[in-house]
Ligand code: ADP
Ligand code: MG
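Numbering (our numbering), first residue to last: 869 to 1600.
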C-alpha cells in the first residue's frame, strides 16, 4: 500500500473513501449505525479486545456477572412457546465444551433454532446470568467457527478481534468488512517517517494489519501503542501550530508604567502577594510587554488568589491607555467579579466621579438581564474608553460591544472551551488582544495539555498565608442521626459567633434537575434516590434545627436581579444561612462564611466538592465543611467523600475525579471533536505519551510550520480542526 498526496481525502471524504464503494450498500448502511461512514472510520474502529482460541473459558469456571466469550459445541436447540396464547417464543440452546454445559436463551428469535443446529461450533459471548439455578447467556453474540459462514484464516491466526457491535451489525460482520477493506485501503499515515522511526513505531498500513488481524498479542499491543501516539501527536500538532502562529501575530505591547493605577493599587493592597502570585504576576507582566499576543492559562488551587493576579494585569493595560475585559461564565459570577473588583479598587474605580482618585478608571458590568439604562451607560463607557475594565458574561460580550481599545481579555472559564471557541473570542478584533484564561479548578497536567495545549501555563499551588485550613467531616446521616443533629448545632454556633453558613443542595425541586445556571456541572441521576428539594429543605430547617436564623435561598432559576440581591444581602451579613444549589460553586467569595453543610454530598463530584468547600474559611476564621450523606460505609460513593475529607490537595483530587469519570466527561461538552478523535488515548492515563507527543509535535512544527513535508499529517490536522469548528458552531 502506498500513500500519495493525491489520494489524501479532503475534508469532505471523496466517494472512493466511502464504505459503500467497497462493502456494498446493505453492509454500509449497517456500519453507518455505528457511525462508520468511510474506510478510515472502519479501520479506526479498533477491536475492543481480543480472544485467543487457545484460552477459551471453560464452562465450569464461568461466574455470574462475568462477561464471557466461550467456544463451544451446540448439543440441542429447542423453541418453546410462552405468554398469552403461546404467541411468544423462547429458544433454548444447550452448549457443551465436552464436559460442562451452558444454556443460551434467545427471546422471539425462533430462527436461531435453524442456525444453531446440533454439532455447530461457534463463539458465544455475553454476560453470564442465572435462571432456575443454571448459568445462562441471554442473547449472546454468536460467531460460527466452521462452515461456509466462518472466516478463513482466522483459526490459523488463533486470535479473534472483538469489535464494538450493535444489534444491526455483530462483531463478526464488522470483522468481515475489515477483511474486505484492508487489502484495498490506500491508507494515510499522519506520522512523519522520522517521528515514527525515532520511536520504532510501525507504519500505518502495517499497524492496521496488526491491530485487526494480529498473529500474536505482541502485534496488537505494538499497533495500539502506535495509534495511541498518533492520536496524541495529531492533537499536539494542532496546538503547536497555534502557538507557532501566535508568534507571527502582532499585538500592542503594554509594558508596565510606573506611577499609574497598578502601582497605586499595589500600595493599597491589604495583604502581601504570595511568592507564587509574585512569580505569575512577573510572567504576565513580561508577556504583556511583548509584541506578540499573550496566550496564557492561569490555573490554581481554589482560594489561591487568581483574581488579584488578573486584576494587576488588567491595571497594567489600563495604565497604558487600553481596556481590559473580564468574561465570566454566569451572571452571578460576573456580578460578583464586578462587585469584588470595584471594592478592591476603592477610590481607584471612581474615575471621573466626585471624590474618586484623579487617575482612577471605571469598572462596568454588562449582563443580559440588566436594565436598559444601566446597559446603555455601560456600553457608552465601554465605547468611549471611560471604563478601563468591563466585566460581563460570555454571552453578552461575545455580541457587538464596542470598545475604545481592547488590550487584554481575561476569560474566567468554568466549562472547558475548545481551542476554536477561544479563537473566536479574539478573532473579531483587528489587533489581537492579550489573552489570559483562568480555570476555576486545578486540572491535571495531561488534561491541561489536551484542552489548553495552545496556551502557556502558570500555576498557583499555594494558598495565601494565614488562610485557615478547612476541616472536612463526613456525616453519615443514616448511621449516625446524632451527628446530623450536631451538624446543625455547629451551624447555629457559628451564627451565634457572628459568622455565616451555606447549606448546599443538589436540586431545586424534587424531580427536576437544575438547568437555570449554565455549567453548574450537576450530574443528577434520574434513577438515583430522591434528593431534597431546596424549597422543602429551607422550610424544614426554618421550622426545625435552624429556627430563628435568617435563611436565604439561591438557585440558578431565580431571576438574575433576585440572585444578585440575595448575594449582596449575604455578603453584607443580612442573611445568616444561604440555602443554595451549586450556584455557589465557583468564585463566590464571602469571607465571613465559615461553615458549609452539603446535603446528599454523594451526588456531587470530587472536584465539585473541593470547589464548594473553598467557599468557607476565606477570612481569618477556620472553615468547616460537613458532607452529609446516606451512602454506606465502604461504598464507592462513601470512599470518594472520605477522599475529599482526607486531603486538601486540589490537584490530587482533580486527578482522582478524572480517573473516575469516563474519558468523554473529562474533556467536557465543548470537546466532542477532540473526544471522537481519541479512540485509544486516555487523557487521564497516558501522561507520558501525551508529553512525548507534545515535544515531538513542537519540534516538527518548528522545522516545518506548514507541514509541507507531511501531507497526511496536514490532512489529519485539518479534519480535527474542522470537527472543533463544528463543535463550536453547534454551540452558538
Ligand atoms: P481563587 O483563586 O479561588 O479565584 P480568589 O482570587 O477569589 O481565589 O482569592 C481568594 C481570597 O484570598 C480573596 O478574598 C482574596 O482577596 C484573598 N487573597 C488573594 N491573595 C491573597 C494574599 N496574597 N494574601 C491574603 N489574601 C489573599
Ligand atoms: Mg476565582
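For every residue, glycine included, the Cβ atom is placed at its ideal position computed from N, Cα and C.
- Counting the other Cβ atoms within 10 Å of the Cβ of residue 1115 gives fewer than 16, which makes it exposed.
- Under the DSSP assignment, residue 1169 falls outside any beta strand (DSSP E); it carries neither an H nor an E label.
- Here residue 1248 is exposed, its C-beta having fewer than 16 other C-beta atoms within 10 Å.
- In the three-state DSSP reduction, residue 1320 falls in the coil class, being neither helix nor strand.
- Scanning its chain for C-beta atoms nearer than 7 Å, with the 5 sequence neighbours on each side dropped, one finds around residue 1037 the residues 898, 899, 901 and 902, in chain order.
- Ranked by Cα distance from residue 1156, the options 1118, 1140, 1519 and 1143 are led by 1118.
- Taking one beta carbon from each stretch, the region 1105 to 1112 and the region 1071 to 1088 have fewer than 3 pairs nearer than 8 Å; the two do not touch.
- Runs of the beta strand (DSSP E) lying entirely within the region 1427 to 1502 and spanning at least 3 residues, in chain order: 1445 to 1448, 1461 to 1466 and 1491 to 1497.
- Rounded to whole angstroms, the Cβ separation of residue 1013 and residue 990 is 6 Å, and the two are in contact under 8 Å.
- If you check the C-beta of residue 889 against the ligand ADP, you find no heavy atom less than 7 Å away.
- In this structure, the straight-line span from the alpha carbon of residue 1144 to that of residue 1153 is close to 14 Å.
- When the beta-carbon positions are compared, residue 984 and residue 961 come within less than 8 Å of each other.
- Within the region 1513 to 1596, no complete beta strand (DSSP E) segment of 3 residues or longer occurs.
- Here the C-alpha atom of residue 1577 lies approximately 10 Å from the C-alpha atom of residue 1568.
- For residue 1241, the shortest C-beta to heavy atom distance toward the ligand ADP is 7 Å or greater.
- If the five residues before and after residue 1549 are omitted, its C-beta is found closer than 6 Å to the C-beta atoms of 1096, 1099 and 1100, all from its own chain and listed in chain order.
- Ranked by Cα distance from residue 1485, the first of 998, 1437, 1557 and 1370 is 1370.
- In this structure, the beta-carbon distance from residue 1363 to residue 1446 does not fall below 8 Å.
- A straight line joining the alpha-carbon of residue 954 with that of residue 944 spans about 21 Å.
- The ligand ADP never approaches residue 1156 closely enough for any of its heavy atoms to be under 7 Å from the residue's Cβ.
- Residue 1139 counts as exposed, since fewer than 16 other C-beta atoms from the protein chains shown sit within 10 angstroms of its C-beta.
- Residue state for residue 1044 is assigned as helix, using DSSP reduced to three classes.
- The bridge partners DSSP lists for residue 1302 are 1276.
- Residue ranges of uninterrupted alpha helix (DSSP H) with 4 or more members, entirely inside the region 1088 to 1176 and ordered along the chain, are 1129 to 1136 and 1143 to 1156.
- Taking C-beta separations shorter than 8 Å and ignoring five residues to either side along the sequence, the partners of residue 986 in its chain run 942, 943, 944 and 945, following chain order.
- Only exposed fits residue 1244, as fewer than 16 other CB atoms lie within 10 angstroms of its CB.
- A direct Cα-Cα distance of roughly 10 Å separates residue 1202 from residue 1232.
- In the DSSP assignment, residue 1029 is bridged to 918.
- For residue 982, the enclosing alpha helix (DSSP H) starts and ends at 980 to 983.
- Every alpha helix (DSSP H) stretch that sits fully inside the region 1226 to 1273 and reaches 4 residues is listed by chain position as 1240 to 1252 and 1262 to 1265.
- Spanning the alpha carbons of residue 1527 and residue 1553 requires a straight line of approximately 8 Å.
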